[in-house]
Amino acid sequence: MKEININVEHLTRIEGHGNIILNAKNGNVEKVMWEVSEAPRLFEAFVREKPYHQLAQITSRICGICSIGHTLASLKATEAAMDIQISPQSELLRRLAIHGENMQSHILHLGYLVSPDLFGVGSVIPLVKTHTDAVLAVVKLHRLANEFSEVVCGRTTHPTNLIPGGFYKTPSPLKLKEYRQKLLDSVETAETVAEIILDNIGALPSFSRETEFIALTTEDEYALYDGVIGSTDAGTYPVEEYVNVVNEFVVPQSTAKYCKNKREAFMVGALARFNLNHEKLSPMALKWAEKFGLRPVCHNPFMNNVAQLVEIVHSIEDSVSLIDRLLIDYKDESRPVITPKAGRGVGAVDVPRGILFHEYTYDKDGICKKANCVIPTNQNHNNIQHDFETFAPQLLDKPEKEIELNLEMLVRAYDPCVSCSTHFLKVEWKR
Amino acid sequence: MKIIINDTEYEFKKGQMVLDVARANGVHLPTLCFNPLNAQARPAGCRLCVVEVLEGGRPGLQSSCTLPATDGLKVSTRSRPVYNQRREVVELLLSEHEQDCRNCFVSGDCVFSELSREYDINGVSVCSECPNRKQGCLLSRGVLCLGPITYANCDAYCTRRGYNCEGCHSVMKNEDLLRFGLEAFAKAEFTKEEILEAARVFSFEGVDVLEKVMIEEGFK
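Chains as they are written, first to last, in the working numbering: chain R, 1 to 431; chain A, 432 to 651.
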């Protein structure tokens, strides 16, 4: 029997640095490992002793792709700690913000990072020549999502408009109307992209491993901005008890912490949201889920890509109906006044890659004394590792290149944001 | 025979110019037109090697590549007039240059990008790009905006859209530019600590210089 040694250092087309290691001999996997090698980010230490109004500004810099999600989680934690109620209008606007980001992040992942695997090329660049229309549709959708985020949040990345208590400047109703129309027009583009992916979906390997799925969930909507923690294994938990759900622990091969709940690992992200909340998706999103054969509870991690596509359609439809609700009675509520207060608060938002927690403790002047951020990707690392352990033995009779590609595609399906997730610093003192 | 450069005495041989003495002793003097392979030709054209003559010669700024070293000559290579003169020279040279050094891809491997960093050439504040600078300045409306003391080149993205500048391009490190920028804060009622706290979010080095200048300017 042949000997297989795969060492992918670093894996491309994901955010951040991670390595894949596989050693097999005589048809037995000796070692298979998902390694996270990126340096820790130390944001929880940066924000200590900083005043409350700077926290969202600073923590949004954890990520360049999901900065709006970090801002919202941070604001929700601050508002929970200080008992600040935001107006119903601000809440609707924040839902728009998370939709904008969801669209932007998902189309980036599907269009630029996953599609080369579907077409069997190395990157998106060759596709420009061979599938010009498809790439243009992706760019168009990405651009719209970015512009829409800018209208609501003031800036595409690292938003300036979102502040504790509401909005620095209420977005202009004329702009919202303009983008309502643009979103309606973009449905066609999104369907073009979906058709192309549907035609090539056969390239995704079929693989399934039962696991636990965790996402925010509420009674009345497809939860992204607000809700309680839901699990496919164990019902619901209040957001404040997030520490007992994620159960972080440290492993030697990773600078990111690992997580587990009821089973050996759990998964968060678009697929988890779909599995928990699918019945609240918009009609067109459900139609597309049906076309792809995506049905809950789906245990194939590769279908996370499809769930993301379904969510893009949902975000477009839901944004339009949110704007309609907003514009019925739209007021200028710029720069809300708030008073700092001592307390501890947890904010949870379902961002593109899964459920994100921020927790802050403030003193009476609104100075942050303690912070904790649990990032979706670090909840997924453990599940990626367990998927590897199940998936690798099934692949061994394939050529080495193909094994490598399959493992890479598996990691990519999770849309990991590795640099967000690195928290743990192992220091070896030499005296 | 000895000359004094920046308060330190250096030996020299007859016929040596001040530049030669400085270079031989490791004193930094920038040059562009001086060619070490053809040291006899001294066009004295770039004017970057100017030094200020303090004693023992005609006082004022002179190009060190053509200034003969004489016994007892005392010069400075880093006085304020020298710095200003060099800065102006580099600024004029770069005025015809297409690429902004701070966005340039060769950054770090170009004599001009080094000079521009050394003399803070691209250091204009966000105000220079801000459409509100003539009327409707956020500072005059009581909003703490770091625009006047933050490096530009963002096309005033935030202030153009009505948000305050957070200083994410870093607070300027040049004292003169800071002093000029701080004039805008003199009319607004912010304490020194408030401004410094806002600046500390995205700046590190610049904040120390800012604090020093603020103390000198009498901010409370």
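Ideal Cβ positions, reconstructed from N, Cα and C, are used throughout, including at glycine.
All figures in this text were calculated on a predicted structure; none of them were measured in a lab.
Between L127/R, E191/R, C259/R and R155/R, which lies nearest to E212/R when the distance is taken from Cα to Cα? Looking up residue 212/R in the first sequence gives position 212. It is C259/R whose Cα lies nearest to the Cα of E212/R.
In the DSSP assignment, find the beta strand (DSSP E) that holds M33/R and state where it starts and stops. Counting from one through the first sequence, the residue named residue 33/R turns up at place 33. Unbroken beta strand (DSSP E) run through M33/R: N28 to V36.
Among K618/A, A615/A, F633/A and R591/A, which has the Cα closest to the Cα of V602/A? Walking along the second sequence from the start, residue 602/A turns up at place 171. Across the set K618/A, A615/A, F633/A and R591/A, the C-alpha of F633/A shows the shortest separation from the C-alpha of V602/A.
Does T71/R have its Cβ less than 7 Å from a Cβ in chain A? Walking along the first sequence from the start, residue 71/R turns up at place 71. In terms of beta-carbon proximity, T71/R stays away from the interface with chain A, with every pair separated by 7 Å or more.
Do we get a CB-CB distance below 7 Å when we pair C589/A with the residues of chain R? Here residue 589/A refers to the residue found at position 158 when the second sequence is read from its first residue. Yes, contact with chain R.
Using a Cβ cut-off of 7 Å (strictly closer), state whether Y594/A contacts chain R. The count along the second sequence starts at 1 and reaches residue 594/A at position 163. Yes, Y594/A lies at the interface with chain R (some Cβ there is under 7 Å from its Cβ).
CB-CB under 6 Å to G487/A, same chain, minus the five flanking residues each way: which ones, in chain order? Here residue 487/A is taken as the residue at index 56 of the second sequence, counted from 1. These residues qualify, in order along the chain: G503, L504 and K505.
Would you report the Cα separation of E191/R and V313/R, rounded to the nearest angstrom? In the first sequence, counting from the first residue as 1, residue 191/R sits at position 191. In the first sequence, counting from the first residue as 1, residue 313/R sits at position 313. Distance between the alpha carbons of E191/R and V313/R is about 8 Å.
Supposed close pair N380/R, Y414/R - CB separation, criterion 8 Å: Residue 380/R sits at position 380 when you count from the first residue of the first sequence. Residue 414/R sits at position 414 when you count from the first residue of the first sequence. Their Cβ separation, rounded to whole angstroms, is 5 Å, which keeps N380/R and Y414/R in contact under 8 Å.
Is F148/R helix, strand or coil when you go by DSSP? Position 148 of the first sequence, counting from 1, holds the residue named residue 148/R. Residue state, collapsed to three classes: helix.
Using a beta-carbon distance below 7 Å, is T160/R in contact with chain A? The residue given as residue 160/R occupies position 160 in the first sequence. Yes, contact with chain A.
Within 8 Å, do at least three Cβ pairs link the segment 348-358 of chain R to the segment 266-278 of chain R? These segments touch.
Are the C-beta atoms of K370/R and some chain A residue less than 7 Å apart? Within the first sequence, residue 370/R is the residue found at index 370, counting from 1. Chain A contact via Cβ: absent.
In chain R, which residues lie less than 7 Å from V632/A when you measure between Cβ atoms? Translated into positions along the second sequence, residue 632/A becomes position 201. What V632/A touches in chain R, judged by beta-carbon distance under 7 Å, is Q54, Q57 and I58, going in chain order.
Unbroken beta strand (DSSP E) run spanning T78/R, endpoints: Numbered from its first residue, the first sequence carries residue 78/R at position 78. That residue, T78/R, is in no beta strand (DSSP E); its alpha helix (DSSP H) goes S67 to A81.
Do you know how far the Cα of G122/R is from the Cα of S115/R? One-based indexing of the first sequence puts residue 115/R at position 115. One-based indexing of the first sequence puts residue 122/R at position 122. If you take the alpha carbons of S115/R and G122/R, they lie about 10 Å apart.
Which residues of chain A have a Cβ atom closer than 7 Å to the Cβ of Y168/R, listed in chain order? On the first sequence, residue 168/R is found 168 positions in, with the first residue counted as 1. Simply Y594.
Taking F616/A and P562/A to be in contact with their CB atoms under 8 Å, please state how far apart those CB atoms are, rounded to whole angstroms. Working through the second sequence from its first residue, we reach residue 616/A at position 185. Working through the second sequence from its first residue, we reach residue 562/A at position 131. Rounded, the Cβ-Cβ distance is 20 Å, inconsistent with contact.
Examine chain A for any beta-carbon lying closer than 7 Å to the beta-carbon of G154/R, and answer yes or no. Here residue 154/R refers to the residue found at position 154 of the first sequence. Interface residue, yes.
Would the beta-carbon of F207/R fall within 7 Å of that of F391/R? Counting from 1 along the first sequence, the entry for residue 207/R is found at position 207. Counting from 1 along the first sequence, the entry for residue 391/R is found at position 391. Between F207/R and F391/R, the CB-CB gap stays under 7 Å.
As an exercise, report each continuous alpha helix (DSSP H) stretch of at least 4 residues that is fully enclosed by the segment 560-645 of chain A, in chain order. Taking only runs of at least 4 residues, the alpha helix (DSSP H) segments lying wholly in the segment 560-645 of chain A are 588-591, 606-618 and 623-631.
Between L75/R and G347/R, how many whole angstroms is the CB-CB distance? I'm expecting something under 8 Å. Counting from one through the first sequence, the residue named residue 75/R turns up at place 75. Counting from one through the first sequence, the residue named residue 347/R turns up at place 347. L75/R to G347/R, Cβ: 7 Å. Contact.
What residue range is occupied by the uninterrupted alpha helix (DSSP H) comprising D185/R? Locating residue 185/R in the first sequence gives position 185, where the first residue counts as 1. Where D185/R is concerned, the enclosing alpha helix (DSSP H) stretches over P173 to D199.
Starting from the C-beta of Q667/A, find all residues in its chain whose C-beta is less than 8 Å away, skip the five residues before and the five after it, and write them out in chain order. This structure gives no information on residue 667/A, because the portion of chain A shown stretches from 432 to 651.
Residue range of the alpha helix (DSSP H) that C368/R falls in? Indexing the first sequence from 1 puts residue 368/R at position 368. Looking at the DSSP string, C368/R is not in any alpha helix (DSSP H); the run it does join, the beta strand (DSSP E), is C368 to V374.
Assigned exposure category for I125/R - 16 Cβ within 10 Å defines buried: The residue labelled residue 125/R in the question sits at position 125 within the first sequence. Exposed, by the Cβ-count rule.
Who are the near neighbours of N146/R in its chain, counting only those whose CB is closer than 7 Å to its CB and skipping five residues on each side? As a working note, residue 146/R is residue 146 in the first sequence. Leaving aside the five residues that flank N146/R on each side, the residues in its chain whose CB is nearer than 7 Å to its CB run, in chain order, Q104 and T156.
Bridge partner(s) assigned by DSSP for T236/R: On the first sequence, position 236 is the one that residue 236/R refers to. In the DSSP secondary-structure assignment, T236/R is bridged to G230/R.
Status (buried if at least 16 other CB within 10 Å, exposed otherwise) for G27/R: Position 27 of the first sequence, counted from the start, is the residue given in the question as residue 27/R. With fewer than 16 Cβ atoms within 10 Å of its Cβ, G27/R is classed as exposed.
So with CB distances below 8 Å, who are the chain R contacts of E597/A? Here residue 597/A refers to the residue found at position 166 when the second sequence is read from its first residue. By Cβ distance, chain R contributes Q57 and T160.
What residue from V29/R, W34/R and K287/R has the CA that sits closest to D397/R's CA? Working through the first sequence from its first residue, we reach residue 397/R at position 397. Nearest C-alpha to D397/R: V29/R.
Specify, as a first and last residue, the run of the alpha helix (DSSP H) that N102/R falls within. As a working mapping, residue 102/R is identified with position 102 in the first sequence. Going by DSSP, N102/R is part of the alpha helix (DSSP H) stretching over P88 to L108.
Continuous beta strand (DSSP E) stretch holding V506/A: start and end: If you number the second sequence from 1, residue 506/A lands on position 75. Its beta strand (DSSP E) spans residues K505 to S507.
Pair every Cβ in the segment 604-621 of chain A with every Cβ in the segment 569-588 of chain A, then say whether three or more of these pairs are closer than 8 Å. Yes: at least three Cβ pairs fall under 8 Å.
Nonlocal neighbours in the same chain, by C-beta distance under 6 Å from I196/R, ignoring five residues either side: Within the first sequence, residue 196/R is the residue found at index 196, counting from 1. Exclusion of the five residues before and after I196/R leaves A134 as the residues of its chain whose Cβ lies within less than 6 Å of its Cβ.
Can we say the segment 84-95 of chain R touches the segment 162-174 of chain R, given the rule of at least three CB pairs closer than 8 Å? The segment 162-174 of chain R and the segment 84-95 of chain R touch, with three or more beta-carbon pairs separated by less than 8 Å.
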